[in-house]
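With the sequence shown counted from 1, adding 2 to any position gets you my numbering.
Glycine included, C-beta positions come from ideal geometry on N, C-alpha and C.
Data first, discussion second: the structure below is written as structure tokens.
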Amino acid sequence: MNSLLWPPPALGVVYAGGLQLGAYALERQGRAERERVLRGCSTNVDNLAAGRWETLLSSAFVVEEPMPLPYALLLVAVLGYAEYAYGAWWTVGVFLFGHAAATLLVFGALRGTADTPTRRALDVGASYGFNAVLGALTSALPRGPVRTAARVGLLALAAGPVLKRERTFTDAGHLAALGIGVGLSLVLDYLSGTKHLKIG
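Have a look at this one:
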């Protein structure tokens with residue numbers, strides 16, 4: 003890990019700020035133009051089934067409306083700490099991998115069963131990538147009960163909405179993304195343990 007907080011992690015601030023500015027700019031557009039942009043960037047079933055794979059990237063850089071301040075600050079904090087602990091490239095890689103992988107898992111589950119409104123639903127935002135980074139960051143916690151409790155607790159919180167009758171595919175996507183992140187953290191644990199064994 004980096005030993006100093008200088009230069010300060012800026013990835014979360016830049017990303018969250020860009021999302022907010024983009025959301026405010028979209029609000030100033032006409033309703034039809036706003037809808038066109040959001041649907042063009044969305045990773046819904048119709049877009050992916052039509053081969054619009056670029057939405058796997060574009061959907062992570064658009065939100066339907068400005069994020070609530072607490073969520074935006076949490077996003078900045080999680081991405082900022084990930085950048086501080088593991089570096090910007092690691093953070094970007096985990097974020098995009100988690101975002102894309104969770105999206106594809108949801109797409110695979112919905113492709114043959116979803117009704118028309120679900121197939122065309124808007125699916126944009128930072129939440130899948132955020133959950134993946136959050137799950138992966140558990141590897142930065144102290145080994146033992148603290149790390150295990152954090153992983154189990156986060157997965158339980160994400161599973162709660164999926165078990166409710168009014169669940170949405172986004173709830174399933176959040177759980178999938180968090181599971182992907184926790185899986186990556188377990189890989190980090192293994193690699194760290196192997197490194198220590200070789201040194202010892």
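Unbroken alpha helix (DSSP H) stretches of 4 residues or longer found wholly inside the region 105–133: 118–121, given in chain order. In this structure, the CA atom of G162 is about 28 Å from the CA atom of L59.
Taking each of L186, L13 and D117 in turn and checking the Cα distance to G89, the smallest one comes out for L13.
Taking 4 residues as the shortest admissible run, the region 49–97 contains the following complete alpha helix (DSSP H) segments, listed from N- to C-terminal end: 57–60 and 71–88. For P11, the number of other beta carbons within 10 angstroms of its own is at least 16, and it is reported as buried.
For A34, the enclosing alpha helix (DSSP H) covers residues R33 to C43.
Considering only E56, G53, N49 and A62, the residue with the shortest C-alpha distance to G20 is A62. Looking at the backbone, the Cα of E37 and that of A151 are separated by about 42 Å. Per DSSP, reduced to three states, the secondary structure at A12 is coil, with no helix or strand assignment. For T172, the secondary structure class from DSSP, reduced to helix, strand or coil, is helix. Residue range P147 to L165 is occupied by the alpha helix (DSSP H) that includes P147. Here R153 has G137, T140, V184 and S187 as same chain residues with Cβ atoms under 8 Å from its own Cβ, once five neighbours each way along the sequence are excluded.
At a Cβ-Cβ threshold of 8 Å, V47 and R121 count as neighbours. Scanning its chain for C-beta atoms nearer than 7 Å, with the 5 sequence neighbours on each side dropped, one finds around L81 the residues L13, G14, Y17, T93 and V135, in chain order. Taken through DSSP and simplified to helix, strand or coil, L143 comes out as coil. Measuring C-alpha to C-alpha distances from P119 to each of T170, H176, C43 and G127 identifies T170 as the nearest.
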